[in-house]
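Undergrad:
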Amino acid sequence: MGKKFVCVVAVSATVVCASAAALVIRHRSQKSSGQWAKAMAILTEFEEKCQTPVEKLRQVADDMTAEMHAGLDSEGGSKLKMLISYVDNLPTGDEKGWFYALDLGGTNFRVLRVQLGGIENRVVKKEFQEVSIPPHLMVGNSDGLFDFIAKALSDFVDSEKEDFHIPEGRQRELGFTFSFPVRQTSIASGTLIKWTKGFSIEDTVGQDIVGELTKAMERVKLDMRVSALVNDTIGTLAGGRYKNPDVIAAVILGTGTNAAYVEKVTEINKWEGLPPTSGEMVINMEWGNFHSEHLPLTEYDSALDNESLNPGEQIFEKIISGMYLGEIVRRVLLRMAEEAAFFGDVVPPKLKIPFILRTPHMSAMHHDTSPDLKVVATKMNDVLEISKTSLKTRKVIVKLCDIVATRGARLSAAGIFGILKKTGRDSVNDDNQKSVIAMDGGLFEHYGKFSGCMESSLKELLGEERSENVVVELSSDGSGIGATLLAASHSQYLENE
1 MGKKFVCVVA
11 VSATVVCASA
21 AALVIRHRSQ
31 KSSGQWAKAM
41 AILTEFEEKC
51 QTPVEKLRQV
61 ADDMTAEMHA
71 GLDSEGGSKL
81 KMLISYVDNL
91 PTGDEKGWFY
101 ALDLGGTNFR
111 VLRVQLGGIE
121 NRVVKKEFQE
131 VSIPPHLMVG
141 NSDGLFDFIA
151 KALSDFVDSE
161 KEDFHIPEGR
171 QRELGFTFSF
181 PVRQTSIASG
191 TLIKWTKGFS
201 IEDTVGQDIV
211 GELTKAMERV
221 KLDMRVSALV
231 NDTIGTLAGG
241 RYKNPDVIAA
251 VILGTGTNAA
261 YVEKVTEINK
271 WEGLPPTSGE
281 MVINMEWGNF
291 HSEHLPLTEY
301 DSALDNESLN
311 PGEQIFEKII
321 SGMYLGEIVR
331 RVLLRMAEEA
341 AFFGDVVPPK
351 LKIPFILRTP
361 HMSAMHHDTS
371 PDLKVVATKM
381 NDVLEISKTS
391 LKTRKVIVKL
401 CDIVATRGAR
411 LSAAGIFGIL
421 KKTGRDSVND
431 DNQKSVIAMD
441 GGLFEHYGKF
451 SGCMESSLKE
461 LLGEERSENV
471 VVELSSDGSG
481 IGATLLAASH
491 SQYLENE
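Position 254 (the sequence shown) corresponds to 254 in my numbering; numbering is contiguous.
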């Protein structure tokens, strides 16, 4: 009798334990299901707010065109600076000689040495070196930054080989590509309006940027003259025109973004009182500062802007350029981790670090074609120290990358379409006129899904017939070569020759 009682108790205990385990498993499953639904709701809401139907893109393009008109009419009349570049003669192909270029465009800069061979030989020889700027110099003082640049330039000059021939009695001449907003006062001088791309060096704002570089070169005893000060976009336009006479505009899509184009002087009302020109003038738009009520902005963009060094400014740049795309992805993933336990019960600490997920990481994940999305798993582990992700989770990450990249690419296309509308090249005309857009920047060159989406979106806006005569053409290193070309065409020795 006692044995039977013990047996019954044991069986009952087993049943209770099994039932409890089943309840725990069911609870966990329900919790997991609920968390996943919450994560998908966050993703779906973000996707809806990022939508860029063609009607919205046309509205953005119309606003871009209107802002271009306003910026040409008066100083401060537009979010677009529409800066006069003093470049009224683009390269012809006749340029000859050895020239240097300094291309300061972001967290890195390049120094170049180029031999131009005229219309027959074009670029005979090119040598360059890329230098990374230490982060502390991006927020320090002007002497620290420009001394570092001048020293790198001096070291590069010291590496000249015997075949580099500067005629006796001549200075080396430099084309200075400076990819920040500058108000030009001549082809070789201009005052800094503001820093962008993470730089913040207040003692240079309002100063002649060529003067700052010249003083730094004097401090390192480098005998060199700055013959042309150009924006990287203008350099890209000059380099593109050197290769193709149909180039009418240039766009940079890299760490930052900007556009420049050729305008009729009669359209520039604020040109009054300035020297006569050939009738055309290259305009530096500074389109990164463009803003429109039709831009599809989200709470993540607002938070990023509010926490930036320049809140309320460079809104267009903050949703289409390489510096920010990966950061937008990180912010959405962080919310999914915090509110929906997307990566488990503990929020990965590194996911909380701003800008730790860079756009090259995003591009690598977006382009992952492996069956198990191995690249996504590797990036999550290497960059964010998230070691275990399911295939379902990785697919969501790829989808998120696609949403952010597609929005940026389609808005870039809308900006280009706005330029074509302003110059009257957006519709079919009788002379079958070609319009070539010279492109440069790592985002466009290396992020294939971004550039492909941008080009297809531009064709969608133009229509099939007109799109046949609008060409987007990579002009790799255009800004550096363009600077040497403009230094050559504005050489101090040109008149004597």
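Where is the CB? At the ideal position from N, CA and C, for every residue including glycine.
Just so you know, these numbers come straight off a predicted model, no measurement behind them.
Label N108 either buried or exposed according to how many other C-beta atoms from any shown protein chain fall within 10 Å of its C-beta, with 16 as the threshold for buried.
TA: Your numbering for residue 108 matches position 108 in the sequence shown. Exposed: under 16 other Cβ atoms inside 10 Å.
Undergrad: Could you tell me which residues DSSP puts in a beta bridge with L229?
TA: For this step, residue 229 is matched to residue 229 along the sequence shown. According to DSSP, which records beta bridges pairwise, L229 is partnered with F176.
Undergrad: With a threshold of 8 Å, are at least 3 pairs of Cβ atoms found where one atom belongs to the stretch 471–483 and the other to the stretch 222–238?
TA: Segments in contact, yes.
Undergrad: Kindly indicate the opening and closing residues of the beta strand (DSSP E) around V59.
TA: Position 59 of the sequence shown, counting from 1, holds the residue named residue 59. Residue identity differs from the one stated: residue 59 is Gln in this sequence, not Val. No beta strand (DSSP E) contains Q59, which is instead part of the alpha helix (DSSP H) from 54–73.
Undergrad: Check the DSSP bridge columns for A101 and list the partner residues they point to.
TA: Position 101 of the sequence shown, counted from the start, is the residue given in the question as residue 101. A101 is bridged to L112, G175.
Undergrad: Where does the unbroken alpha helix (DSSP H) through D440 begin, and where does it stop?
TA: Sequence index remark: in the sequence shown, residue 440 carries index 440 (1-based). Taken as a continuous stretch (DSSP letters only), D440 belongs to no alpha helix (DSSP H), being part of the beta strand (DSSP E) at 435–440.
Undergrad: For F128, list the residues DSSP reports as bridge partners.
TA: Residue numbering aside, residue 128 sits at position 128 when the sequence shown is read from its first letter. For F128, which the question treats as bridged, DSSP gives the partners L112.
Undergrad: To the nearest angstrom, report how far apart R380 and G198 are at their CA atoms.
TA: Position 380 of the sequence shown, counted from the start, is the residue given in the question as residue 380. Position 198 of the sequence shown, counted from the start, is the residue given in the question as residue 198. Inspection of the sequence shows that residue 380 is occupied by Met rather than by Arg. Approximately 25 Å between the Cα atoms of the pair.
Undergrad: Just how far apart, CA to CA, sit T266 and E67?
TA: As a working mapping, residue 266 is identified with position 266 in the sequence shown. As a working mapping, residue 67 is identified with position 67 in the sequence shown. Going from the Cα of T266 to the Cα of E67 covers about 17 Å.
Undergrad: In this structure, does DSSP put T484 in helix, strand or coil?
TA: Here residue 484 corresponds to residue number 484 of the sequence shown, with the count starting at 1. Helix at T484.
Undergrad: Evaluate contact between the stretch 43–59 and the stretch 242–251, counting only Cβ atoms and requiring at least three cross-stretch pairs below 8 Å.
TA: No: the two stretches stay apart, fewer than three of their Cβ pairs being nearer than 8 Å.
Undergrad: Check whether the Cβ atoms of L420 and F290 lie closer than 7 Å to each other.
TA: Locating residue 420 in the sequence shown gives position 420, where the first residue counts as 1. Locating residue 290 in the sequence shown gives position 290, where the first residue counts as 1. No; because the gap between Cβ atoms is not below 7 Å, this pair is not in contact.
Undergrad: In the DSSP assignment, what residue or residues form a beta bridge with N381?
TA: Numbered from its first residue, the sequence shown carries residue 381 at position 381. None; N381 has no bridge partner.
Undergrad: Evaluate V24 with the Cβ neighbour count: other Cβ atoms within 10 Å of its Cβ, from every protein chain shown; 16 or more gives buried, anything less gives exposed.
TA: As a first step, residue 24 must be located in the sequence shown, where it is residue number 24. Note that V24 scores a pLDDT of 46, beneath 50, so its modelled location is shaky and nothing firm can be said.
Undergrad: Under 8 Å, with one C-beta from each stretch per pair, do the stretch 403–414 and the stretch 202–213 reach the 3-pair mark?
TA: No, the stretch 403–414 is not in contact with the stretch 202–213.
Undergrad: Report the partner residues of L83 according to the DSSP bridge assignment.
TA: The residue labelled residue 83 in the question sits at position 83 within the sequence shown. Note: L83 sits in a beta bridge opposite N284.
Undergrad: Using 10 angstroms around the beta-carbon of H165, count the other beta-carbons present and answer buried if the total reaches 16, otherwise exposed.
TA: Start at 1 with the first residue of the sequence shown, and residue 165 comes out as number 165. So H165 ends up on the exposed side.
Undergrad: Taking Cβ to Cβ, would you say K56 is nearer than 7 Å to H366?
TA: Stepping through the sequence shown from its first residue, residue 56 is reached at position 56. Stepping through the sequence shown from its first residue, residue 366 is reached at position 366. In this structure, H366 does not lie closer than 7 Å to K56 by Cβ.
Undergrad: Under the rule that 16 or more other beta-carbon atoms within 10 Å means buried, what is V226, buried or exposed?
TA: By one-based count along the sequence shown, residue 226 stands at place 226. Its Cβ being crowded by 16 or more others within 10 Å, V226 is buried.
Undergrad: List the endpoints of the continuous alpha helix (DSSP H) containing V329.
TA: Taking the first residue of the sequence shown as 1, we reach residue 329 at position 329. 325–340 is the span of the alpha helix (DSSP H), which, as asked, contains V329.
Undergrad: Could you give the distance in angstroms between the alpha-carbon of H27 and the alpha-carbon of D345?
TA: On the sequence shown, residue 27 is found 27 positions in, with the first residue counted as 1. On the sequence shown, residue 345 is found 345 positions in, with the first residue counted as 1. Low confidence applies to H27: its pLDDT is 46, below 50, so where it sits in the model is not reliable enough to give any reading.
Undergrad: I need the straight-line Cα distance from E338 to F148, nearest angstrom please.
TA: The sequence position of residue 338 within the sequence shown is 338, counting from 1. The sequence position of residue 148 within the sequence shown is 148, counting from 1. For E338 and F148, the distance between alpha carbons rounds to 42 Å.
Undergrad: Would DSSP call V15 helix, strand or coil?
TA: For this step, residue 15 is matched to residue 15 along the sequence shown. Caution applies to V15, whose pLDDT of 49 falls short of 50 and renders its modelled position unreliable; the value that the coordinates give is listed next. It is helical.
Undergrad: Considering only the beta carbon of each residue, do E95 and S489 sit closer than 7 Å?
TA: Position 95 of the sequence shown, counted from the start, is the residue given in the question as residue 95. Position 489 of the sequence shown, counted from the start, is the residue given in the question as residue 489. Against a cut-off of 7 Å, the Cβ pair of S489 and E95 comes out as a contact.
Undergrad: Between which two residues does the beta strand (DSSP E) harbouring R183 extend?
TA: Here residue 183 is taken as the residue at index 183 of the sequence shown, counted from 1. Segment 182–186, the beta strand (DSSP E) holding R183.
Undergrad: Taking C-beta to C-beta, are R331 and Y300 nearer than 7 Å?
TA: Residue 331 sits at position 331 when you count from the first residue of the sequence shown. Residue 300 sits at position 300 when you count from the first residue of the sequence shown. Taking 7 Å as the Cβ cut-off, R331 and Y300 qualify as a contacting pair.
Undergrad: Do the stretch 435–445 and the stretch 244–256 touch if we need at least three Cβ pairs shorter than 8 Å?
TA: Touching, per the Cβ criterion.
Undergrad: Let's see if you can read the secondary structure: which residues bound the alpha helix (DSSP H) around I119?
TA: If you number the sequence shown from 1, residue 119 lands on position 119. It spans 118–121 - the alpha helix (DSSP H) in which I119 sits, taken as one unbroken run.
Undergrad: CB G256 to CB L443, shorter than 7 Å?
TA: Within the sequence shown, numbered from 1, the residue matching residue 256 stands at position 256. Within the sequence shown, numbered from 1, the residue matching residue 443 stands at position 443. Result no, Cβ atoms of G256 and L443 do not sit closer than 7 Å.
Undergrad: Exposed or buried, which one is H136 when buried takes at least 16 other CB atoms within 10 Å?
TA: Numbered from 1 along the sequence shown, position 136 holds the residue referred to as residue 136. Counting Cβ neighbours within 10 Å, H136 comes out exposed, since fewer than 16 surround it.
Undergrad: In this structure, does DSSP put H27 in helix, strand or coil?
TA: The residue you call residue 27 lines up with position 27 of the sequence shown. With a pLDDT of only 46 at H27, under 50, the local geometry of the prediction cannot be trusted, and the value read off the model is given with reservation. Three-state result, H27: helix.
Undergrad: May I ask you to verify whether the stretch 461–470 touches the stretch 341–357, counting CB pairs closer than 8 Å and requiring at least 3?
TA: No contact exists between the stretch 461–470 and the stretch 341–357.
Undergrad: Is G424 buried or exposed, if buried means 16 or more other CB atoms sit within 10 Å of its CB?
TA: Looking up residue 424 in the sequence shown gives position 424. So G424 ends up on the exposed side.
Undergrad: Please classify L400 as buried or exposed, where buried requires at least 16 other C-beta atoms within 10 Å of its C-beta.
TA: Looking up residue 400 in the sequence shown gives position 400. The residue in question, L400, is buried, as its Cβ has 16 or more Cβ neighbours within 10 Å.
Undergrad: So, are the CB atoms of H361 and G418 less than 7 Å apart?
TA: Here residue 361 corresponds to residue number 361 of the sequence shown, with the count starting at 1. Here residue 418 corresponds to residue number 418 of the sequence shown, with the count starting at 1. Not a contact, by the Cβ cut-off of 7 Å.
Undergrad: Cα separation between G144 and L116?
TA: Mapped onto the sequence shown, residue 144 falls at position 144. Mapped onto the sequence shown, residue 116 falls at position 116. Near 33 Å, if we compare the C-alpha coordinates of L116 and G144.
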